[in-house]
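Enquirer: For the record, in the sequence shown the residue sitting at position 291 is 291 according to full-length UniProt numbering, with numbers rising by one throughout.
Note that the Cβ used here is the ideal one computed from N, Cα and C, for glycine as well.
Here it is: the structure, laid out below.
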Amino acid sequence: MSNQYSKPGAPKTSQNWMDEAKDRGVLGATIHSAVLASASNFEFDQFLLLRVLWRQHELPEVPNIEGLSGLVTQATKMLDQYKSWRTYCESIGSEESPEGTFAIARYYQREVARTEEKADPQAFNTPISSRTRAAVNQVGKGMAGLSLGPPETPTKKGPAPLPGTKSLLDDSRFALDHESSPSSISSSSPSPIHLVTPITRELANILYPPTKDEQIVNTALIVFLNALTIHFCLSSKWTLHRKPFIATFKNAKFEARTDGYLDSPGGKPRVLIEVKPVLRSLNLLAIQMQESAQMVAWIKSDTESAQKRNTTYAYIPCFYIPGYAANSTDRRFHISQDRHLVYVTVARYDQTYLEYLVHGKLSKDGKDDDGKDLSFMTMDQYGPWDTTDRAHMRRLGPLLLAITLRAEKESEKEKIEDKKRHIS
Numbered sequence: 001m002s003n004q005y006s007k008p009g010a011p012k013t014s015q016n017w018m019d020e021a022k023d024r025g026v027l028g029a030t031i032h033s034a035v036l037a038s039a040s041n042f043e044f045d046q047f048l049l050l051r052v053l054w055r056q057h058e059l060p061e062v063p064n065i066e067g068l069s070g071l072v073t074q075a076t077k078m079l080d081q082y083k084s085w086r087t088y089c090e091s092i093g094s095e096e097s098p099e100g101t102f103a104i105a106r107y108y109q110r111e112v113a114r115t116e117e118k119a120d121p122q123a124f125n126t127p128i129s130s131r132t133r134a135a136v137n138q139v140g141k142g143m144a145g146l147s148l149g150p151p152e153t154p155t156k157k158g159p160a161p162l163p164g165t166k167s168l169l170d171d172s173r174f175a176l177d178h179e180s181s182p183s184s185i186s187s188s189s190p191s192p193i194h195l196v197t198p199i200t201r202e203l204a205n206i207l208y209p210p211t212k213d214e215q216i217v218n219t220a221l222i223v224f225l226n227a228l229t230i231h232f233c234l235s236s237k238w239t240l241h242r243k244p245f246i247a248t249f250k251n252a253k254f255e256a257r258t259d260g261y262l263d264s265p266g267g268k269p270r271v272l273i274e275v276k277p278v279l280r281s282l283n284l285l286a287i288q289m290q291e292s293a294q295m296v297a298w299i300k301s302d303t304e305s306a307q308k309r310n311t312t313y314a315y316i317p318c319f320y321i322p323g324y325a326a327n328s329t330d331r332r333f334h335i336s337q338d339r340h341l342v343y344v345t346v347a348r349y350d351q352t353y354l355e356y357l358v359h360g361k362l363s364k365d366g367k368d369d370d371g372k373d374l375s376f377m378t379m380d381q382y383g384p385w386d387t388t389d390r391a392h393m394r395r396l397g398p399l400l401l402a403i404t405l406r407a408e409k410e411s412e413k414e415k416i417e418d419k420k421r422h423i424s
């Protein structure tokens, strides 16, 4: 069986997942039964066992993101009183550096979007006719921190590898390098927001060559996030710290490192950050696999109480901020910047999915032959927002600030709950 995935991205529906699982021979298996044949390859079969679906939403489809409309309105008012925010927005589209808090952020955003004529093509993307393992070394750098291997202290030899298990990352497109907006958002600008038009892979390589260094992208995103929040009295801080998350299962474990996160008091991450120097469309599946693994590792690294907080078996409200009612699915945020384009991904999962990760439960009835009964985590990807487009950034800024405000509310609510538990 070929180890090359036949679709351009991860499964979008439970039926898509069922078809792929049957084709790969992993239906009936769980992530706990997987035996990892390599310490460096995150295989597609094992990715399927994480039970993650991906749905992509373009900007006009995002009138709200999980109950954030009220917080976005609040964030917009906060930024409208911020002179340097207005100066920053007005500077987009010109080469002039704005004065004020966003000057450094704008500088690095321009660096990210600038074409590097002398960049070594072998370090990033080669032409399709001669693609080799060098094609995704920069994606591989991000995935190098996502190492897979057996538990450190196994008591006995694990079962045989899953039938049909083959490494997606053996394919040249996914080789690892082993180096260690919403229309409802108000805006002071009347400019309409335009979609980022999809283009072919060949044209993307020509028009948007890779940024010469992934760290420039990371700096651009983190500095922008800090500029949005630095003048407000917030306890949560955006950091460049590459935090490791370890997910341990029965026969294996893996570690995933992020490019940064929103750090709340006590060192608890609230939002994950991941960056790439290339367009997402050039390596969509590899990026989806990595970000899915990061999300799973984050969940598995949490305490039992944090894992179970706000997850239920049933009712899923359409727009809701987790932490303010019992009947809600858990939602976690992931912010990505791939070259000059920013994405916001919302991971949704419920108690049945959590039980699958913790105990390997197949489905509600214990069977694995009915996609409707299986539990999944859904990654809803919104965007992209273009950092070179003024209208995009006028809408993205309030959204990112709103996500930070949401984290503040979560943190404050947990403090109150902890005090109540200590008193009782």
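Quick check on the burial criterion: 16 or more other C-beta atoms within 10 angstroms. Buried or exposed for D418?
Expert: By 1-based counting over the sequence shown, the position of residue 418 is 418. Looking at its Cβ environment, which holds fewer than 16 other Cβ atoms inside 10 Å, D418 is exposed.
Enquirer: In angstroms, rounded to a whole number, what distance separates the CA positions of K22 and R51?
Expert: As a position in the sequence shown, residue 22 is number 22, starting the count at 1. As a position in the sequence shown, residue 51 is number 51, starting the count at 1. K22 and R51: Cα-Cα distance of roughly 13 Å.
Enquirer: DSSP three-state call for residue 467: helix, strand or coil?
Expert: Missing from the structure shown is residue 467; the chain here goes from 1 to 424 and no further.
Enquirer: Cα-Cα, which of Q74, L221 and I230 is closest to M393?
Expert: Position 393 of the sequence shown, counted from the first residue, corresponds to residue 393. Ranking the options by Cα distance to M393, first place goes to L221.
Enquirer: Taking one C-beta from the segment 280-294 and one from the segment 259-270 each time, how about it: are there three or more such pairs within less than 8 Å?
Expert: Cβ pair count under 8 Å is below three, so no.
Enquirer: Between the Cα of A113 and the Cα atoms of L27, S375, W54 and D338, which residue gives the shortest distance?
Expert: Residue mapping note: residue 113 aligns to position 113 of the sequence shown, counting from 1. Closest by alpha carbon: D338.
Enquirer: So, under 8 Å CB-CB, A34 and A252 are touching, yes? Tell me the CB distance rounded to an integer number of Å.
Expert: Stepping through the sequence shown from its first residue, residue 34 is reached at position 34. Stepping through the sequence shown from its first residue, residue 252 is reached at position 252. Indeed, because the Cβ distance is near 6 Å, the residues count as touching under 8 Å.
Enquirer: Going by C-alpha to C-alpha distance, which of H422, G28, D45 and L399 sits closest to residue 507?
Expert: There is simply no residue 507 to check, as the chain begins at 1 and stops at 424 in what is shown.
Enquirer: Between which two residues does the beta strand (DSSP E) holding Y349 run?
Expert: Translated into positions along the sequence shown, residue 349 becomes position 349. Residues L341 to Y349.
Enquirer: Decide if C89 is buried, meaning its Cβ has at least 16 other Cβ atoms within 10 Å, or exposed.
Expert: Position 89 of the sequence shown, counted from the start, is the residue given in the question as residue 89. Buried.
Enquirer: Counting only the same chain and skipping the five closest in sequence on each side, list residues whose C-beta sits under 6 Å from that of P190.
Expert: Locating residue 190 in the sequence shown gives position 190, where the first residue counts as 1. Any reading at P190 needs caution, since the residue's pLDDT is 42, under 50, leaving its predicted position unreliable; the model's value is listed next. Around P190: no qualifying Cβ.
Enquirer: Closest to L357 by CA distance: which of D330, A297, A347 and W385 is it?
Expert: On the sequence shown, position 357 is the one that residue 357 refers to. Closest by alpha carbon: A297.
Enquirer: Quick one: grab the DSSP three-state call for L240.
Expert: On the sequence shown, position 240 is the one that residue 240 refers to. DSSP places L240 in coil when its eight states are reduced to three.
Enquirer: Here's the rule I'm using: 16 or more other beta-carbon atoms within 10 Å means buried, otherwise exposed. How should H422 be labelled?
Expert: The residue you call residue 422 lines up with position 422 of the sequence shown. It counts as exposed.
Enquirer: What three-state label does DSSP hand D19 in the structure shown?
Expert: The residue given as residue 19 occupies position 19 in the sequence shown. Helix at D19.
Enquirer: Put E43 into one of helix, strand or coil per three-state DSSP.
Expert: Counted from its first residue, the sequence shown places residue 43 at position 43. Coil, per DSSP.
Enquirer: Do you know whose CA, among Y382, F44, L27 and N218, lies nearest Y107's CA?
Expert: Your numbering for residue 107 matches position 107 in the sequence shown. The candidate whose alpha carbon is nearest that of Y107 is N218.
Enquirer: Since T101 and A227 should fall inside the 8 Å C-beta cutoff, what is the C-beta to C-beta distance between them, to a whole number of angstroms?
Expert: Mapped onto the sequence shown, residue 101 falls at position 101. Mapped onto the sequence shown, residue 227 falls at position 227. Right, the Cβ-Cβ distance comes to about 5 Å (below 8 Å), so this counts as a contact.
Enquirer: Mapping DSSP to helix, strand and coil, what is K413?
Expert: The sequence position of residue 413 within the sequence shown is 413, counting from 1. Reduced to three states, the DSSP call for K413 is helix.
Enquirer: Please report the Cβ distance between V59 and G383, rounded to the nearest whole angstrom; I am assuming they are in contact, meaning their Cβ atoms lie under 8 Å.
Expert: On the sequence shown, residue 59 is found 59 positions in, with the first residue counted as 1. On the sequence shown, residue 383 is found 383 positions in, with the first residue counted as 1. It is Leu, not Val, that sits at residue 59 in the sequence shown. Confirmed, Cβ separation roughly 7 Å.
Enquirer: Could you check where the beta strand (DSSP E) with L262 kicks off and where it finishes?
Expert: On the sequence shown, position 262 is the one that residue 262 refers to. G260 to S264 is the span of the beta strand (DSSP E), which, as asked, contains L262.
Enquirer: Bridge partners of H359, per DSSP?
Expert: In the sequence shown, the residue the question calls residue 359 occupies position 359. Answer is none; H359 lacks a bridge partner.
Enquirer: How would you label H359, buried or exposed, when you count the other beta carbons within 10 angstroms and need 16 or more for buried?
Expert: Numbered from its first residue, the sequence shown carries residue 359 at position 359. H359 comes out exposed.
Enquirer: From which residue to which residue does the beta strand (DSSP E) around F254 run?
Expert: Stepping through the sequence shown from its first residue, residue 254 is reached at position 254. Its beta strand (DSSP E) spans residues K253 to R257.
Enquirer: Go to G70, then tell me how far its alpha helix (DSSP H) extends in each direction, as first and last residue.
Expert: Sequence index remark: in the sequence shown, residue 70 carries index 70 (1-based). It spans S69 to D80 - the alpha helix (DSSP H) in which G70 sits, taken as one unbroken run.
Enquirer: Assign S336 to one of two classes, buried (16 or more other C-beta atoms within 10 Å of its C-beta) or exposed (fewer than that).
Expert: For the purposes of this step, residue 336 is taken as the residue at position 336 of the sequence shown. Answer is buried; the Cβ neighbour count reaches 16.
Enquirer: Starting from the Cα of L49, find the closest Cα among M78, R242, D373 and W17 and give me that residue.
Expert: Counted from its first residue, the sequence shown places residue 49 at position 49. Of the listed residues, the one whose Cα sits closest to L49 is W17.
Enquirer: Given a cut-off of 8 Å on the beta-carbon distance, is the pair Q351 and R55 in contact?
Expert: Residue 351 sits at position 351 when you count from the first residue of the sequence shown. Residue 55 sits at position 55 when you count from the first residue of the sequence shown. In this structure, R55 does not lie closer than 8 Å to Q351 by Cβ.
Enquirer: Any idea which residues DSSP pairs S336 with across the strands?
Expert: The residue labelled residue 336 in the question sits at position 336 within the sequence shown. DSSP output for S336 lists E274 and Y343 as bridge partner(s).
Enquirer: Using only the alpha-carbon positions, how far apart do I403 and T345 sit?
Expert: Numbered from its first residue, the sequence shown carries residue 403 at position 403. Numbered from its first residue, the sequence shown carries residue 345 at position 345. Looking at the two C-alpha atoms, the distance is approximately 11 Å.
Enquirer: For D45, tell me which candidate among R110, L53, R24 and H57 has the shortest Cα-Cα distance.
Expert: Looking up residue 45 in the sequence shown gives position 45. It is R24 whose Cα lies nearest to the Cα of D45.
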